[in-house]
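Chemist:
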Amino acid sequence: MLRSAVEKDLYEILEIYNDAILNTTAVYTYRVQTIEERKLWFQNKQEDNFPVLVFEEKDRVTGFATFGPFRAWPAYKYTIEHSVYVHKGNRKRGVGTALVKQIIKIANEREFATLVAGIDAFNENSIKMHEKLGFQYSGTIKRAGFKFGKWLDLAFYQLELSGPKNPMDG
Numbered sequence: 829m830l831r832s833a834v835e836k837d838l839y840e841i842l843e844i845y846n847d848a849i850l851n852t853t854a855v856y857t858y859r860v861q862t863i864e865e866r867k868l869w870f871q872n873k874q875e876d877n878f879p880v881l882v883f884e885e886k887d888r889v890t891g892f893a894t895f896g897p898f899r900a901w902p903a904y905k906y907t908i909e910h911s912v913y914v915h916k917g918n919r920k921r922g923v924g925t926a927l928v929k930q931i932i933k934i935a936n937e938r939e940f941a942t943l944v945a946g947i948d949a950f951n952e953n954s955i956k957m958h959e960k961l962g963f964q965y966s967g968t969i970k971r972a973g974f975k976f977g978k979w980l981d982l983a984f985y986q987l988e989l990s991g992p993k994n995p996m997d998g
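With this note's numbering as the guide, the letters of the sequence shown map in order to residues 829 to 998.
1. Classify Thr890: buried if its beta carbon has 16 or more other beta carbons within 10 angstroms, exposed otherwise.
2. Starting from Val928, trace the alpha helix (DSSP H) in both directions and tell me its first and last residue.
3. Do Phe892 and Ala833 have their C-beta atoms closer together than 8 Å?
4. Go ahead and label Met996 buried or exposed: buried means 16 or more other beta carbons lie within 10 angstroms of its beta carbon, across all protein chains shown.
5. Could you spell out where the alpha helix (DSSP H) holding Trp869 opens and where it closes?
6. Under 8 Å between the Cβ atoms of Gly991 and Ala941?
7. Using a 10 Å radius around the Cβ and a threshold of 16 neighbouring Cβ atoms, would you call Tyr845 buried or exposed?
8. Taking C-alpha atoms, which residue in Arg831, Phe984, Phe950, Gly946 lies nearest to Glu885?
9. From Ala848 to Ala854, what distance separates their C-alpha atoms?
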């Protein structure tokens, strides 16, 4: 079942996210988060009206996705960047695809123009999933991060959305 996250989901979201920090290059950070940090993150997402979605199976959160601003400057207001994380035992089962499809739907409804995915260049599964959903390769920042004793390249993919009917400056 795909649904909006609620506060009780944050423990399972935290478990998925911290596993990604400790064991993957899906997120370029070193330190695991606390439940207090995840609660603040969730509160900020709610206040900014950004979705946090979860995929639930057998009363367990098996993945989550969200989006937020691409860059802080106002002219980027029609561009967003998304994140999607799937529990290690549930990868390659369509969870990530279902979450990103719903993120795309919400982003189109809210009239955003561009959805960006920053993906570790060696994460072939994520790249394939995004390409199947219509994302196009936009470029790579070489040596963007350093984790697990090696340099990491960050590949950018983007999806053109419906965009606003009447885009405006300011």
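Glycine included, every Cβ here is placed at the ideal spot set by N, Cα and C.
Modeler: Reading from the atomic positions:
1. On the sequence shown, position 62 is the one that residue 890 refers to. So Thr890 ends up on the buried side.
2. Start at 1 with the first residue of the sequence shown, and residue 928 comes out as number 100. First-last of the alpha helix (DSSP H) with Val928: 923-937.
3. On the sequence shown, position 64 is the one that residue 892 refers to. On the sequence shown, position 5 is the one that residue 833 refers to. Cβ distance < 8 Å, so Phe892 and Ala833 count as in contact.
4. Here residue 996 refers to the residue found at position 168 when the sequence shown is read from its first residue. It is exposed - the Cβ of Met996 has fewer than 16 other Cβ atoms within 10 Å.
5. Position 41 of the sequence shown holds residue 869. Start and end: 863-875.
6. Working through the sequence shown from its first residue, we reach residue 991 at position 163. Working through the sequence shown from its first residue, we reach residue 941 at position 113. Against a cut-off of 8 Å, the Cβ pair of Ala941 and Gly991 comes out as a contact.
7. Translated into the one-based positions of the sequence shown, residue 845 becomes position 17. When all chains shown are included, Tyr845 counts as buried.
8. Locating residue 885 in the sequence shown gives position 57, where the first residue counts as 1. Measuring from the Cα of Glu885, the nearest candidate turns out to be Arg831.
9. For the purposes of this step, residue 848 is identified with residue 20 of the sequence shown, where counting begins at 1. For the purposes of this step, residue 854 is identified with residue 26 of the sequence shown, where counting begins at 1. The alpha-carbon atoms of Ala848 and Ala854 are separated by roughly 6 Å.
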